[in-house]
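J.: Have a look at this one.
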Amino acid sequence: DRLALRPTSETLAYTMYAKWIRSWRDLPLKINFWNSALRAEIKGTKPFLRTSEFLWQEGHTAHADKEEAEKEVTDILEIYKKTVEEELAIPVITGRKSEKEKFVGAVYTLTMESLMPDGKALQMGTTHFLGQNFSKPFEVKYADKNNVESFVWQTSWGVSWRLIGGMIMVHGDDKGLVLPPRVAPIQVVIIPIYHSDEEKERILEKSRDIKEGLGRNIRVHLDDRDQVTPGFKFNDWEMKGVPIRIELGPKDMDEEKIILVRRDTGEKIEAKFASYENTVVSELDSMHDVMFANAKKILDERTVTLETYDQFKSELEKGMLIKAPICDNPSCEEKIKEETGADIRVIPDDCEDGNSKCIYCDGQSKIRPLFARGY
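Counting in my numbering, the sequence shown tops out at residue 392, every number present.
The following block contains the structure:
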């Protein structure tokens with residue numbers, strides 16, 4: 018058997034697709050891969066963002082119909098966007114990659130991009146319409162209902178653990194991780210506080226009741242370690258990014274309440290024993306909304322619209338995402354990348370601009386895409 022270290026799975030997958038697909042009845046064929054891939058990343062590697070080996074999800078589909086394949090490309094991008102915004106609380110901008118930046122072998126590439134707090138863009142995921150560019154060399158063919166043989170239309174798409182890196186950078190702080198509530202492995206940690214064996218039994222019993230009550234709908238952990246102090250536990254769970262900490266001490270027991278502490282804001286909230294479940298659910302939802310709003314504010318405040326190359330270079334040093342007009346000459350895009358390190362990150366659907374001057378050559382502009390330096 019031939020073995021290979023693969024950067025992506027086209028060669029592996031389409032060799033088999035050519036054997037599996039024979040008729041229109043075999044289509045569409047949609048396979049999702051969970052695997053590692055390898056790239057020649059030697060210099061400037063960064064955990065989760067750019068590594069020699071990385072974990073990712075990649076999809077490869079084959080269709081009888083071109084329009085169906087193109088719909089797959091847009092549908093998957095929308096699923097990616099929904100996942101990143103509604104689960105990771107990171108806003109993204111979607112659109113196409115330029116011809117220079119698209120996936121090699123694709124007819125076109127769709128992308129979702131986000132801006133990190135340091136002003137660099139991060140490509141969060143891509144989907145590719147491959148047309149018949151792979152089906153022809155790999156001879157992935159099918160017989161239609163009239164028994165006429167045709168090449169399939171294909172797509173591929175993927176997101177990697179780069180999403181984890183993006184999540185850490187967007188939401189983390191000097192104390193450690195701040196995990197979005199909807200993906201946090203532990204959403205709530207309960208920390209009992211006591212000073213005697215009598216208090217210990219009483220408070221631990223109530224802590225277990227709270228854990229059981231919350232555990233029906235929420236991922237909750239009771240930290241009943243005896244060998245470390247409550248203060249150590251506070252710091253430990255803050256560093257790990259658990260969204261909500263519940264504190265329960267002797268005074269709280271007497272007043273029939275718990276104290277909720279939010280990881281994102283540090284805000285302390287009192288909740289009565291009779292109503293704490295609703296309060297916890299409400300605060301988790303609020304935390305997601307606040308985290309998304311804070312990230313969206315960074316994106317909005319760092320996005321500027323410019324007309325000249327001098328402005329472009331000046332704003333780029335501030336870590337901005339720049340809307341600027343450019344012509345359809347690929348050399349302008351290449352020169353901008355060479356001179357500034359910035360490239361076209363995404364071409365949104367509504368960015369046509371035939372009334373401006375290209376920021377590099379002063380020729381007639383065609384589009385106003387978004388430029389930035391990236392990871």
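Note that beta-carbon positions come from the ideal geometry of N, C-alpha and C, so glycine has one too.
Give the DSSP-derived three-state secondary structure of residue 64 in the structure shown.
T.: Coil at residue 64, not helix or strand.
J.: So who's on the other strand from residue 129, going by DSSP bridges?
T.: Partner(s): 111, 142.
J.: From this set, 160, 304, 325, which residue's C-alpha is nearest residue 105's C-alpha?
T.: The residue with the shortest Cα to Cα distance from residue 105 is 304.
J.: Tell me, which residues are paired with residue 264 by DSSP?
T.: Residue 264 pairs with 208, 276.
J.: Note down, one range per segment and in chain order, each alpha helix (DSSP H) of at least 4 residues found wholly within the stretch 30-111.
T.: Within the stretch 30-111, the complete alpha helix (DSSP H) runs of at least 4 residues are 83-103.
J.: Could you tell me the distance, in whole angstroms, from the CA atom of residue 199 to the CA atom of residue 192?
T.: Between residue 199 and residue 192, the C-alpha separation is close to 20 Å.
J.: Using the three-state DSSP reduction, which class does residue 303 fall into: helix, strand or coil?
T.: Helix, per DSSP.
J.: Could you check the C-alpha separation between residue 84 and residue 29 for me, to the nearest Å?
T.: The alpha-carbon atoms of residue 84 and residue 29 are separated by roughly 25 Å.
J.: Assign residue 197 to buried or exposed, taking buried as 16 or more other Cβ atoms, counted over all protein chains shown, within 10 Å of its Cβ.
T.: So residue 197 ends up on the buried side.
J.: What separation, rounded to the nearest whole angstrom, lies between the Cα atoms of residue 161 and residue 177?
T.: Taking the straight line joining both Cα atoms gives about 36 Å.
J.: What span of residues does the beta strand (DSSP E) with residue 182 cover, start to end?
T.: It is not in any beta strand (DSSP E) - residue 182 instead sits in the alpha helix (DSSP H) that spans 179-188.
J.: Taking the C-alpha atoms as reference points, what is the distance between residue 107 and residue 189?
T.: If you take the alpha carbons of residue 107 and residue 189, they lie about 12 Å apart.
J.: Cβ of residue 243 within 8 Å of Cβ of residue 221?
T.: Not closer than 8 Å, so no.
J.: Quick one: measure Cβ to Cβ for residue 363 and residue 110, integer angstroms, because I've assumed they're closer than 8 Å.
T.: Sure, about 5 Å apart at Cβ, within 8 Å.
J.: Quick one: measure Cβ to Cβ for residue 55 and residue 23, integer angstroms, because I've assumed they're closer than 8 Å.
T.: With 8 Å as the limit, residue 55 and residue 23 qualify as a contact, their Cβ atoms being about 7 Å apart.
J.: Quick check: the stretch 374-387 against the stretch 338-352, are at least 3 beta-carbon pairs closer than 8 Å?
T.: Taking 8 Å as the limit for Cβ pairs, the verdict is that the stretch 374-387 does touch the stretch 338-352.
J.: State the DSSP-derived secondary structure class of residue 158, mapped to helix, strand or coil.
T.: In the structure shown, residue 158 sits in a strand (DSSP, three-state: E or B).
J.: CB-CB under 7 Å to residue 40, same chain, minus the five flanking residues each way: which ones, in chain order?
T.: Counting only Cβ-Cβ distances below 7 Å, and skipping sequence neighbours, we find 159, 160.
J.: Return the chain-ordered list of same chain residues with a C-beta closer than 8 Å to the C-beta of residue 365, the five sequence neighbours on each side being excluded.
T.: Excluding sequence neighbours, residue 365 sits near 110, 111, 112, 386, 387.
J.: If you compare alpha carbons, which of 186, 25, 59 is closest to residue 311?
T.: Minimum Cα distance to residue 311 is reached at 186.
J.: What separation, rounded to the nearest whole angstrom, lies between the Cα atoms of residue 164 and residue 42?
T.: Approximately 12 Å, taken between the alpha carbons.
J.: Per DSSP, which one or two residues make a beta bridge with residue 151?
T.: According to DSSP, which records beta bridges pairwise, residue 151 is partnered with nothing at all.
J.: So who's on the other strand from residue 366, going by DSSP bridges?
T.: Beta-bridge pairing links residue 366 to no other residue.
J.: Just curious, the beta strand (DSSP E) that residue 338 is in, first and last residue?
T.: Looking at the DSSP string, the run of the beta strand (DSSP E) that includes residue 338 is 338-340.
J.: Quick test of your reading: residue 227 and residue 207, contact by CB under 8 Å. State the CB separation rounded to the nearest angstrom.
T.: The pair is a contact, with the Cβ atoms about 6 Å apart (cut-off 8 Å).
J.: Between 333, 211, 367, 372, which lies nearest to residue 354 when the distance is taken from Cα to Cα?
T.: When each option's Cα is compared against that of residue 354, the closest is 333.
J.: Could you give the first and the last residue of the continuous alpha helix (DSSP H) run that contains residue 382?
T.: That residue, residue 382, is in no alpha helix (DSSP H); it is neither H nor E in DSSP.
J.: Grouping DSSP H, G and I as helix and E and B as strand, with all else coil, what is residue 25?
T.: Three-state result, residue 25: coil.
J.: For a test of the three-state rule: what should DSSP assign to residue 343, helix, strand or coil?
T.: Of the three classes helix, strand and coil, the one that applies to residue 343 here is strand, per DSSP.
J.: Do residue 392 and residue 63 have their C-beta atoms within less than 8 Å of each other?
T.: Contact flag set, yes.
J.: Rounding to the nearest angstrom, what Cα-Cα distance links residue 144 and residue 231 in this structure?
T.: Approximately 39 Å between the Cα atoms of the pair.
J.: Determine the burial state of residue 77: buried for a count of at least 16 other Cβ atoms within 10 Å of its Cβ, exposed for fewer.
T.: Buried, since its Cβ has 16 or more Cβ neighbours within 10 Å.
J.: With distance defined between alpha-carbon atoms, name the residue in 86, 91, 195 nearest to residue 152.
T.: It is 86.
J.: Report yes if the CB atom of residue 288 is closer than 8 Å to the CB atom of residue 268, and no otherwise.
T.: Cβ atoms of residue 288 and residue 268: not closer than 8 Å.
J.: Look up residue 291 in the DSSP assignment and say whether it is helix, strand or coil.
T.: Of the three classes helix, strand and coil, the one that applies to residue 291 here is coil, per DSSP.
J.: Among residues of its own chain, excluding the 5 on either side of residue 132, which ones have a beta-carbon nearer than 8 Å to its beta-carbon?
T.: Cβ neighbours of residue 132 beyond the five flanking positions: 138, 139, 315, 316, 319, 320, 338, 389.
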